[in-house]
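Student:
Chains as they are written, first to last, in the numbering used here: chain A, 1 to 341; chain B, 1 to 341; chain C, 1 to 341.
Next comes the structure, spelled out in C-alpha cells:
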C-alpha cells in the first residue's frame, strides 16, 4: 500500500501533515475513512471537507485542516484521476481465445489478446495486442480492433469498421449500424440507400453503453482521438467528430455534421445534419443546433444561440406580465380602451 | 377457467349481473368478446363501454349496463392488474444451467435458478433462488442476483453490482457501465477517472429495455425498492433514486443527483447533476430540471418551474401579438412614432 | 463491371457524354474518382459538382459539364438508391444452422435460412426462407420471422412477436419488451400490469440499432409496411404506426397513440399517449405533440403547433425588447412613471 508521500510524488504535490500515512483507496469526502485519500475540487464542498474523516485530501490551495493531511497540487481533480489509475491498474486476464468463443479461421487475433466465451470474430477481422473482448462482444468481417482496446459485454463493431488503440466500448455499444438513408419514390415509399461506408474511431476513444454510431453512406463516419461519448448517444452517418470532443448522454448528431476539436455537447442536446461546428464550442444541455457555429463560445436553447443571448431572451419572457401592466396603465391614463379587434 | 364470481372475490368486488360466466382472459373494451373481462378506468371511454361485447367489466361505480355483467370495485385499473397476474402466472421453466451457458466454477447459482444457453456468469457471482437468466444475459464478477429476479435476453449486470429480489431487467439493459468522468488536462485532453463504485438495485425494481445505469465513481449508484424505469433511460454515476420512483422512457439524470420517493419523471425529461428532488414531485414530459426541488408538486418546462407558472408563462407568450396591437394603438392616438433607434 | 450506359438504362436515364466508361462503385462528389458514379441531388452542392473527379454524375437537369459524363434522370437520389442496390447485392451466405446456435427442436427454421453461432431460437418459433440471423440474435417462443428478414447481431424478437418479410432489425433492437404499465395502490406502490399482447411488424420495415418497441398490454403494437425507425427510438405499448412512416433517431411515442401513413417524425420528437395523428403529417425535430393532429401539414415546437404559427411565435418573442422600448417611450412622453406595484 502506498503512503501519502508516494502518491503526492506521483502528482508533483506538496504534503502538509503526515506523509507516512498509508492509503488504501480513493473515496469522496463524505464516505472517506482514515485509510482513504479524498479531494476538494469544488469550493461548494468546503463544509464536507471540514467534516471529512479522510486520511488525506488533495487540495488546490492551503486551507486550515487540523483534522487531516493535505496534498497541495495544481488540479486536485486531475490528480485524483492519475492516482485512481495508479491504485486501480487494469486487472490481468488470461489471454487467448476462451472455449465458447467463435473466431473465423481467417481472423487474426494477437496471441496477447483475450477473446471471451460467446464472442464472435468474423472472417478477415483483426484483434490487436492485449485487446480484451468480453462475453458477447462482436467483431464483424474485416473489422480492425487496435491494441489495448476493451470491448465490454455485448459491444459490437460491425463489418469493416475500425477501432483505434486504447479505446473502450461499453456494453451494448453499436459501431457501424446502417445510416438512415432512404429516397422516397412517387408512391411515398422509402427506397433504402445502401450504406457501404464504415466507421473509424481514433485512439483513446470511449463510447458509452448502448450508444450507436452509423456507418457512412459512402466513405467514413469519423471519431477523433481522445473523444468520449456517454451512454445512449446517437451519431448519424458521415458525421465527423474532432479530437477530445465530449458528448453527454442522450445527445445526438444528424448525418454529415462536422464538429471541431474539444467541442463539448451537453446532455439531450441535438445537432441537425450537414452543418459544421467550430473548435472549442460548448453546447448547454438540451441545446438544439440548427445552423453552423463558426466561432468558439457557449451556446444554448433551441434554436441554439449564444448563451448570453439565450439568458436575455429568457429574461424578456418573464418581463411580459409587467409590460402588460404598464400598457394597461397607459390606456387607463389616456382613457383608451385599446384597439378594437 | 375462473368465473366472474371468483375473479370478483379476488379484488373484493361486487358482481352486478351473471357471476357464473366463465372468463378466459382480459381484453380492452374494444376487442373484448364474451369470454373476456374488461375494465373502465377512464370516463373518456364510456362510449367504448356502451358498445363492448365483453362478458364482464370492472367498474368503479354503478352504471347502466343491460349488455354485460359488472364487477364493482374501488380501483378498476388496480383490480385489472391483480386479476391479470392471477390469469397469467409466470410459466414454469426447466431449472438449472442449460448446455451452452458459461458459469465460472466459483460462481454460486441456486439449484432452483435457470441459466439459459449463451449466458455468462463470472467468477464469484451469486444467482438467487428461482432467478431466471434468459439467453445472452450476463452477470459480472462478484455480482449478486437476488431471488426471483428475471434477466431478459441480453440484460447485463456488470462486476460487483447487486440486483434485489423480484426485480426485472428487460432486454439489453446495462447495469454498471462506467460513469462519465474525466479530468481535463492543460492540453484539453480528458483523463479518465477510474470508476470503482457499484450499482445497487433494491427489491421489485424494473429496468426497461436498453436502459443504462452507471456505476458510482466511488460508492454506490442506488435505485430504491419498487422503482420502475422505462426503456432507454439514462442514470448517471452516484445517482440515488428513492422508493417507488417512476421514470418514463428517454428521460435521464446526470451524476450525483438524488430523487426522493414516489417521484414521477415524464418521458424525455432530464435532470442536471448534483441536485436533490423531494418526495412526491411530478415532472411533466420534457421537463428540464436545473435546480433542486424542495417541495412536492408538479413541475414542467425548461428550466423546470411549478406547472401553474409554466402554463402562465406559455399564456403570456401568446399575449405578445395583442400587446403589440395595443401599443401601436396608443402610439397612433398620441401621434407618436415610437422611439428612434 | 457495368458501364455508364448499363446503369443509365437501369434508372431510365439519358446519357450525355461517354456512356462506355466503366463504373466500379458509387461515391460522393468530393471523394469520387474516375471509376465512380456520383449524384447531384441538392443545388447547394453545385460547386462540389463543378470540382468533382467522378467518372459520371446523376443529375436532374442538363447542366454544363465539360469534365464528366452525365446521366439525366427524374430523381437522382432515388436513382442512386436503385443503382446502389444493383452494385451492392446482398452477399451470399452459407445457409443452415451454424455450430454454436441453439435452436429448439420444436422451432421451424426454413432450410434456406441462416442461423449463426450464439443465436437462440426458442420453442415453437418460425424462421422464414432466406432469413438471416446474425450472431447473438434472439427469437422468442412462438415468434415468427418472415422470409428474407435480416436480424443484425444482438437484435431480439421476444415471445410471440411477428416480423414481416424483407424487414431489417439492426443491432441491439428489442421487439416486444413489456409495456410500461402499473396501477398505483394506496401506498404509492406500483402494481405491474401483465403485458400479454404482442408486437407485429409489417413487411419491409426497418428498425434502428438499440431501438425498443413494447408489446401491447392486450392485443397488438403494430408497425405498418415500409415503416422505417432510426436508432434509439422508443415505441410504447399498443402504439399503431401506419405504412411508410419515418421516425428519426431518439424520437419516442407513448402508449396507445396512432400514427397515420407516411407520417415523418423528426429527431428527438416526442408524442404523448392516447392520441391520433393524421396521414402525411410532418413533425419537426424536437416537436412535442400533446394533442391529436387531424390534418396533414408541418408541425413543430412544444407543445407542437403548425409550423408557421411556431415561427411566428418565435418571432414574437424576439419582439419583446422593442415593445419594452416603445412602452418606455410612451411613458416618457406622457410623463408617466408606470403603474405602482
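For glycine and all other residues, C-beta sits at the position ideal for the given N, C-alpha and C.
Buried or exposed: which applies to residue 62/B, given that a residue is buried once 16 or more other Cβ atoms fall within 10 Å of its Cβ?
Tutor: Position 62 of the second chain, counted from the first residue, corresponds to residue 62/B. So residue 62/B counts as exposed.
Student: Along the segment 254-267 of chain B, what residues have a CB closer than 8 Å to any CB found in chain C?
Tutor: Those would be 261, 262, 267, in chain order.
Student: Determine, for residue 295/A, whether the minimum Cβ-Cβ distance to residues of chain B falls below 8 Å.
Tutor: One-based indexing of the first chain puts residue 295/A at position 295. Taking Cβ atoms only, chain B never reaches closer than 8 Å to residue 295/A, which makes this a no.
Student: Do you know offhand how far residue 90/C's Cα is from residue 55/B's?
Tutor: Taking the third chain and counting its residues from 1, one reaches residue 90/C at position 90. Taking the second chain and counting its residues from 1, one reaches residue 55/B at position 55. Answer to the nearest angstrom: the Cα atoms are 51 Å apart.
Student: Do residue 174/C and residue 163/C have their C-beta atoms closer together than 8 Å?
Tutor: In the third chain, residue 174/C corresponds to position 174, counting from 1. In the third chain, residue 163/C corresponds to position 163, counting from 1. No.
Student: Is the shortest distance between the beta-carbon of residue 336/B and the beta-carbons of chain A less than 8 Å?
Tutor: Against the second chain, residue 336/B aligns to sequence position 336. It does not; no Cβ of chain A falls within 8 Å.
Student: Residue 31/B touches chain C at which residues, Cβ-Cβ below 8 Å?
Tutor: One-based indexing of the second chain puts residue 31/B at position 31. Within 8 Å Cβ-Cβ: 218, 219.
Student: Taking residue 345/A as part of the beta strand (DSSP E), name the residues at either end of that continuous run.
Tutor: There is simply no residue 345/A to check, as chain A begins at 1 and stops at 341 in what is shown.
Student: For residue 291/A, count neighbouring C-beta atoms within 10 Å of its own C-beta (all shown protein chains included) and say buried if the count is 16 or more, exposed if not.
Tutor: Taking the first chain and counting its residues from 1, the one referred to as residue 291/A is at position 291. Flag for residue 291/A reads exposed.
Student: Could you tell me the distance, in whole angstroms, from the CA atom of residue 209/C to the CA atom of residue 287/C?
Tutor: Your numbering for residue 209/C matches position 209 in the third chain. Your numbering for residue 287/C matches position 287 in the third chain. Those two C-alpha atoms are separated by around 22 Å.
Student: Does the structure place the segment 59-77 of chain A close enough to the segment 124-134 of chain A that three or more beta carbon pairs sit under 8 Å?
Tutor: With the cut-off at 8 Å, the segment 124-134 of chain A and the segment 59-77 of chain A do not touch.
Student: Let me make sure I understand the geometry here. Which of 223/C, 87/C, 111/C has the alpha-carbon closest to that of residue 97/C?
Tutor: Locating residue 97/C in the third chain gives position 97, where the first residue counts as 1. Nearest option by C-alpha distance: 111/C.
Student: Taking the continuous beta strand (DSSP E) assigned at residue 56/A, which residues delimit it?
Tutor: Position 56 of the first chain, counting from 1, holds the residue named residue 56/A. Taken as a continuous stretch (DSSP letters only), the beta strand (DSSP E) holding residue 56/A covers 56-59.
Student: Whose C-alpha, out of 102/C, 108/C, 106/C, is nearest the C-alpha of residue 134/C?
Tutor: For the purposes of this step, residue 134/C is identified with residue 134 of the third chain, where counting begins at 1. Residue 134/C has its Cα closest to that of 102/C, out of 102/C, 108/C, 106/C.
Student: Tell me which residues of the segment 2-20 of chain A have at least one Cβ-Cβ distance to chain B shorter than 9 Å, keeping chain order.
Tutor: Going along the segment 2-20 of chain A in chain order, one finds no residue with a Cβ nearer than 9 Å to chain B.
Student: List the residues of chain B that residue 230/C touches, going by C-beta distances under 9 Å, in chain order.
Tutor: Start at 1 with the first residue of the third chain, and residue 230/C comes out as number 230. In chain order: nothing, as chain B lies at least about 13 Å away.
Student: Three-state secondary structure (DSSP) at residue 177/A?
Tutor: Walking along the first chain from the start, residue 177/A turns up at place 177. In this structure, residue 177/A counts as strand in the three-state DSSP scheme.
Student: What separation, rounded to the nearest whole angstrom, lies between the Cα atoms of residue 264/A and residue 106/B?
Tutor: For the purposes of this step, residue 264/A is identified with residue 264 of the first chain, where counting begins at 1. For the purposes of this step, residue 106/B is identified with residue 106 of the second chain, where counting begins at 1. The alpha-carbon atoms of residue 264/A and residue 106/B are separated by roughly 44 Å.
Student: Kindly list, in the order they appear in chain C, the residues whose Cβ is closer than 8 Å to that of residue 286/B.
Tutor: Position 286 of the second chain, counting from 1, holds the residue named residue 286/B. Simply 270, 288, 302.
Student: What are the residues of the segment 179-191 of chain B that lie near chain A, defined by any Cβ-Cβ distance shorter than 7 Å?
Tutor: Residues passing the 7 Å Cβ filter: 180, 182, 183, 185, 188, 189, 190, 191.
Student: Beta carbon of residue 176/B, beta carbon of residue 154/C: below 8 Å?
Tutor: Counting from 1 along the second chain, the entry for residue 176/B is found at position 176. Counting from 1 along the third chain, the entry for residue 154/C is found at position 154. Taking 8 Å as the Cβ cut-off, residue 176/B and residue 154/C do not qualify as a contacting pair.
Student: Going along the chain, which residues of the segment 71-100 of chain C sit with their C-beta nearer than 7 Å to a C-beta in chain B?
Tutor: Here the close residues number zero.
Student: Near residue 276/C, what residues of its chain come up, given a Cβ to Cβ distance below 6 Å and the 5 sequence neighbours on each side ignored?
Tutor: Counting from one through the third chain, the residue named residue 276/C turns up at place 276. Excluding residues within five positions, the ones whose Cβ falls inside 6 Å are 258, 292.
Student: Could you compute how far the alpha carbon of residue 226/B sits from the alpha carbon of residue 132/B?
Tutor: Within the second chain, numbered from 1, the residue matching residue 226/B stands at position 226. Within the second chain, numbered from 1, the residue matching residue 132/B stands at position 132. C-alpha separation (whole angstroms): 19 Å.
Student: Can you tell me which of 267/A, 138/A, 299/A puts its alpha carbon nearest to the alpha carbon of residue 279/A?
Tutor: As a first step, residue 279/A must be located in the first chain, where it is residue number 279. Minimum Cα distance to residue 279/A is reached at 299/A.
Student: Flag residue 105/A as yes if its beta-carbon sits less than 8 Å from any beta-carbon of chain C, otherwise no.
Tutor: Along the first chain, read from residue 1 onward, the residue named residue 105/A stands at position 105. So, not an interface residue.
Student: Against residue 317/B, what residues of chain A qualify as contacts under a CB-to-CB distance less than 8 Å, listed in chain order?
Tutor: As a working mapping, residue 317/B is identified with position 317 in the second chain. Those are 317, 320, listed as they occur along chain A.
Student: Which of helix, strand or coil does DSSP assign to residue 234/A?
Tutor: Taking the first residue of the first chain as 1, we reach residue 234/A at position 234. In this structure, residue 234/A counts as strand in the three-state DSSP scheme.
Student: With a threshold of 8 Å between beta carbons, is residue 224/A in contact with chain C?
Tutor: Position 224 of the first chain, counting from 1, holds the residue named residue 224/A. Judged by the 8 Å Cβ criterion, residue 224/A is not in contact with chain C.
Student: Taking a contact to mean a Cβ-Cβ separation below 8 Å, would you say residue 244/C touches residue 221/C in this structure?
Tutor: By 1-based counting over the third chain, the position of residue 244/C is 244. By 1-based counting over the third chain, the position of residue 221/C is 221. No, they are not a contact pair.
Student: Below 8 Å on the Cβ atoms is my contact criterion, and I expect residue 267/B with residue 249/B to pass it. Report the Cβ-Cβ distance as a whole number of Å.
Tutor: One-based indexing of the second chain puts residue 267/B at position 267. One-based indexing of the second chain puts residue 249/B at position 249. Sure, about 5 Å apart at Cβ, within 8 Å.
Student: Hey, quick one: how far does the alpha helix (DSSP H) through residue 12/C stretch, first residue to last?
Tutor: As a first step, residue 12/C is located in the third chain; it is residue number 12 there, counting from the start. Per DSSP, residue 12/C belongs to no alpha helix (DSSP H) and is neither H nor E.
Student: By the DSSP assignment, the beta strand (DSSP E) with residue 282/A in it spans what residues?
Tutor: As a working mapping, residue 282/A is identified with position 282 in the first chain. Its beta strand (DSSP E) spans residues 281-283.
Student: Does residue 218/C come out as helix, strand or coil in the three-state DSSP assignment?
Tutor: What you label residue 218/C is simply residue 218 of the third chain in a count that begins at 1. Residue 218/C: coil per DSSP, three-state reduction.
Student: For residue 12/C, count neighbouring Cβ atoms within 10 angstroms of its own Cβ and tell me buried if that reaches 16, exposed if not.
Tutor: Here residue 12/C refers to the residue found at position 12 when the third chain is read from its first residue. Residue 12/C should be labelled exposed.
Student: Pop quiz: residue 303/B and residue 297/B are said to be a contact at Cβ under 8 Å. What is the actual Cβ separation, rounded to whole angstroms?
Tutor: The residue you call residue 303/B lines up with position 303 of the second chain. The residue you call residue 297/B lines up with position 297 of the second chain. The Cβ separation is near 15 Å, so there is no contact.
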